[in-house]
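> First the structure, then my questions, so here it is.
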Amino acid sequence: MKLKSIFTNSFGILFSRVTGLGRDVIMASALGASIYTDMFFIAFKLPNLFRRIFAEGAFTQAFMPSFVASKHKGVFATAIFLRFILFIFAMSLTVTLFPEIITKLLAWGWSSETIATTAPFTAINFWYLDFIFMVTFMATLLQYREHFATTAMSTSLLNISMISVMLIYMNHEPKVIVYALSFGVVFGGVLQVITHLIALKHFKMHKILIGGWKYRAKKDVKEEEKSFTKLFIPSVWGN
5 MKLKSIFTNS FGILFSRVTG LGRDVIMASA LGASIYTDMF FIAFKLPNLF RRIFAEGAFT
65 QAFMPSFVAS KHKGVFATAI FLRFILFIFA MSLTVTLFPE IITKLLAWGW SSETIATTAP
125 FTAINFWYLD FIFMVTFMAT LLQYREHFAT TAMSTSLLNI SMISVMLIYM NHEPKVIVYA
185 LSFGVVFGGV LQVITHLIAL KHFKMHKILI GGWKYRAKKD VKEEEKSFTK LFIPSVWGN
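This is the structure:
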């Protein structure tokens, strides 16, 4: 069983690398070394920056040991999820409402016209952070059940989504391609969430969250939340 898991994880990582290479090749063909390529990378930079904090990095390092130690796992997991998803949603809404200001901070020195063109891409791409946080949260729950295959295989879905939209809009003008790429990023996040929801239900981990929501007002997990915070803050600085 362990050998099978190692093979599945290794294949998932390899497939992700291959699709990532394919994505880069197609992007180079579709956009080349143009300003629109820079626009997309600037727009995609911000969710990737926060991804290290709210997704694969600091969050996972703090949540897993806290979840394992928790006496009321469902309530604790639900409390942490709600706290983070509401905060990330507020961030996404802020970026959507003020995309030009955020873009100017990311691309200091660009002309006002270029920033204005890039701003919508920044607003769209940032919503990927919401989905990748949900993916990371569910992936951590699956890791508790020693299931890693779904997470390993789903990493390629983002690349596949981006490749698909680029192939569809290959012959359009660069601005349209970048719009398509941005929506492709978000759709890739949606696909990753769906695959993890299916796995979560398969391993019956969704019952923990349902129970946590049901009894969230009856169980006190404040001390466990404090322990999580004590682990999370140093992890943020470490990432």
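For the sequence shown, my numbering assigns the number 5 to the initial residue and increments by one for each residue that follows. Using N, Cα and C, we set each Cβ at its ideal position, and we do this for glycine too. Since this is a predicted model, take the numbers as computed values, not measurements.
Of the residues A66, F152 and G193, which one's Cα is nearest the Cα of K234?
Considering only alpha carbons, the answer is A66.
> The ligand FAD and R21: does any heavy atom of the ligand fall closer than 7 Å to the residue's C-beta?
No copy of the ligand FAD appears in this structure; indeed no ligand is present at all.
> Which residues in the same chain as A153 place their Cβ atom closer than 6 Å to its Cβ, once the five residues preceding and following it in sequence are excluded?
Excluding residues within five positions, the ones whose Cβ falls inside 6 Å are T12.
> Tell whether a beta-carbon distance below 8 Å holds between A47 and T126.
Taking 8 Å as the Cβ cut-off, A47 and T126 qualify as a contacting pair.
> In three-state terms, what does DSSP make of G78?
In the structure shown, G78 sits in a helix (DSSP, three-state: H, G or I).
> Would you kindly report the start and end of the unbroken alpha helix (DSSP H) that includes S115?
Unbroken run through S115: none, as it is neither H nor E.
> Candidates A184, G61 and M174: which alpha carbon is nearest F44's?
Of the candidates A184, G61 and M174, the one whose C-alpha sits nearest the C-alpha of F44 is A184.
> Three or more C-beta pairs under 8 Å: does that hold for the segment 23-32 against the segment 160-174?
Yes, the segment 23-32 touches the segment 160-174.
> Would you report the Cα separation of W241 and F54, rounded to the nearest angstrom?
Their backbone Cα atoms lie some 12 Å apart in a straight line.
> Just the C-alpha distance for I136 and S116, rounded to the nearest angstrom, thanks.
Looking at the two C-alpha atoms, the distance is approximately 31 Å.
> Roughly how many whole angstroms lie between the Cα atoms of M157 and L146?
Answer to the nearest angstrom: the Cα atoms are 13 Å apart.
> My parser needs the alpha helix (DSSP H) runs of 4 or more residues fully inside the segment 156-182; what are they?
Entirely contained in the segment 156-182, not one alpha helix (DSSP H) run reaches 4 residues.
> Can you grab the Cα-Cα spacing for the pair G24 / D224, in whole Å?
So the alpha carbons of these two residues sit roughly 44 Å apart.
> Would DSSP call A47 helix, strand or coil?
Of the three classes helix, strand and coil, the one that applies to A47 here is helix, per DSSP.
> Taking DSSP as the reference, what is the three-state secondary structure of R55?
Reduced to three states, the DSSP call for R55 is helix.
> Check the C-beta distance from L133 over to F58 and give it rounded, since I have them as a contact under 8 Å.
About 7 Å separates the two Cβ atoms, so the contact holds.
> Which of helix, strand or coil does DSSP assign to D224?
Three-state DSSP puts D224 in coil, outside helix and strand.
> How far does the alpha helix (DSSP H) with A143 in it extend, from its first residue to its last?
Its alpha helix (DSSP H) spans residues Y132 to Y148.
> My assumption, with CB atoms under 8 Å, is that A94 sits in contact with T107. Please give the rounded CB distance.
The Cβ separation is near 19 Å, so there is no contact.
> How far does the alpha helix (DSSP H) with M68 in it reach, from first residue to last?
Taken as a continuous stretch (DSSP letters only), the alpha helix (DSSP H) holding M68 covers A62 to A73.
> Just to confirm my understanding: we take V182, look at its own chain, exclude 5 residues before and 5 after, and list those with CB closer than 7 Å. What are they?
Closer than 7 Å at the Cβ level, and outside the excluded window around V182, lie Y40, M43, F44 and F125.
> Under 8 Å between the Cβ atoms of E104 and A81?
For E104 and A81, no; Cβs fall outside 8 Å.
> Figure out for me which residue from T155, K205 and L50 has the closest Cα to the Cα of T98.
Comparing Cα positions, the closest option is L50.
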